[in-house]
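In the numbering used here, the protein residues as written are 7 to 332.
Glycine included, C-beta positions come from ideal geometry on N, C-alpha and C.
Bear in mind the structure is a predicted one, so any value in this text is a computation, not a measurement.
What follows is a set of notes on a single structure, which appears directly below.
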Amino acid sequence: MFPAERPRRLRTTPAMRRLAAETQVQARDLVLPMFVADENTTPRPISSMPGVYQHTMDSLRRAAADAVDAGVGGLMVFGVPDPDDKDPQGRAGIDPDGVLNRALRALRADLGDDTVLMADTCLDEFTDHGHCGVVADDGSIDNDATLDLYQQMAVAQAEAGAHVVSPSGMMDGQVAAIRLALDTHGHHNTAILAYSAKYSSALYGPFRDAVGSSLQGNRATYQQDSANARESRREVLLDLEEGADMVMVKPAMLYLDVLREAAELSTVPVAAYQVSGEYSMIAAAAERGWIDRERAITESLTCIKRAGADFILTYFADVATGLLER
Ligand code: PBG
């Protein structure tokens with residue numbers, strides 16, 4: 007008695023497996039998030055993210071050029087201001103001479119159109135309370151007052167040279183507000199990558215270290231509840247209606263069901279963000295020898311792509327380019 011079907015036939019050799027693979031991650035599918043800090047005179051290692059640095063302006067430029075040479079699809083830049091420059095409105099994020107806008111200008115001058123330069127369009131790195139929006143007298147986050155600041159921030163980033171602005175604050179109406187402001191200022195070709203389904207997640211812990219976040223408390227009144235998937239369909243549809251050029255699901259690995267649904271629903275490219283905690287879990291377990299680092303990186307990225315991501319923001323982007331098949 008022989009089995010009628012033998013799926014194992016397609017797994018017999020590396021060449022056969024390569025030919026039969028349904029999903030292939032390429033360097034250009036990966037976007038590298040990068041941090042640049044005003045205060046630093048040397049790149050500062052982020053202790054909860056081994057291998058990731060808060061850059062100086064110079065080291066940022068070098069690392070960005072290296073990543074682009076290695077073939078990554080884009081760069082996502084986060085600014086870390088001097089703590090003294092933080093205020094309730096996050097003005098240092100809007101200021102053309104703030105750290106993020108200076109970094110964007112430098113990178114665009116260095117790299118031109120050789121890569122896709124993306125900017126984080128959110129106030130939390132720049133506010134003294136650490137929230138993504140304006141805090142009202144009663145302690146709530148004032149959605150509509152925040153939109154006004156996001157509009158200014160997006161225009162400043164477009165003017166600094168960002169190809170893509172990326173609202174990550176989960177304020178209602180943020181995509182429409184930013185599109186209007188960009189168009190009004192003549193930035194018709196600046197694209198919006200909407201963090202559409204962004205969940206309130208423990209996995210952002212190391213990121214808050216990385217940007218020296220001042221947050222006390224949490225973001226549960228604006229970021230999504232991890233219990234909900236239907237809600238993310240609503241968020242994605244709204245962002246598409248409001249004019250998002252790309253939509254994103256974040257975090258990635260615990261939200262592959264949400265990612266799959268977004269991919270089915272979306273008429274624009276879908277991104278997934280493998281966030282700081284996802285990076286750190288792999289990096290820490292690998293440091294202890296508990297999992298194989300390279301296999302965990304490629305497996306995680308392959309599975310995120312298989313679930314429906316067209317591209318992936320990941321702190322592994324630069325090292326991963328060396329692991330991917332040509
Ligand atoms: C907000 C923002 C956050 C991340 C990206 N953009 C932090 C948050 O929402 O608390 C997290 C990214 C990561 O964890 O890697 N500007």
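| Check | Outcome |
| --- | --- |
| Jot down the residue ranges of each uninterrupted alpha helix (DSSP H) in the region 145-172, minimum 4 residues, whole runs only, in chain order. | 149-166 |
| In chain order, what residues of the same chain lie with their CB nearer than 8 Å to the CB of residue 151, ignoring the 5 residues before and after it? | 139, 140, 142 |
| Keeping to the same chain, check which residues put their C-beta closer than 7 Å to that of residue 208; ignore five residues upstream and five downstream. | 283 |
| Tell me, to the nearest whole angstrom, how far the beta carbon of residue 170 is from that of residue 86; I am working on the premise that it is less than 8 Å. | Their Cβ separation, rounded to whole angstroms, is 20 Å, which puts residue 170 and residue 86 out of contact at 8 Å. |
| Only counting runs of 4 or more residues, tell me where the alpha helix (DSSP H) segments fall wholly within the region 213-269, in order along the chain. | 236-248 |
| Quick one: give me the first and last residue of the alpha helix (DSSP H) that residue 324 is part of. | 323-327 |
| Distance, Cα to Cα, residue 158 vs residue 188? | 9 Å |
| Alpha carbon to alpha carbon, how far is residue 34 from residue 317? | 8 Å |
| Excluding five sequence neighbours on each side, which residues of the same chain lie with their C-beta closer than 8 Å to the C-beta of residue 72? | 324 |
| With three or more beta-carbon pairs closer than 8 Å as the criterion, would you say the region 49-61 touches the region 8-27? | no |
| Ignore the nearest five residues each way along the sequence and tell me which others in residue 98's own chain have a CB closer than 6 Å to its CB. | 87, 91, 104, 132 |
| Given a cut-off of 8 Å, decide if residue 312 and residue 29 are closer than it, judged by their beta-carbon atoms. | yes |
| Taking DSSP as the reference, what is the three-state secondary structure of residue 308? | helix |
| Spell out a yes or no on whether the region 279-299 and the region 233-253 are touching, meaning 3 or more CB-CB pairs, one atom from each, closer than 8 Å. | no |
| Out of 270, 203, 245, 265, which has the shortest C-alpha to C-alpha gap to residue 238? | 203 |
| When you measure from the CB of residue 232 to every non-hydrogen atom of the ligand PBG, does any distance come out below 7 Å? | no |
| Should residue 281 be listed as close to the ligand PBG, given that the test is whether its C-beta is under 7 Å from any heavy atom? | yes |
| Residue 290 to residue 183, Cα distance in whole Å? | 40 Å |
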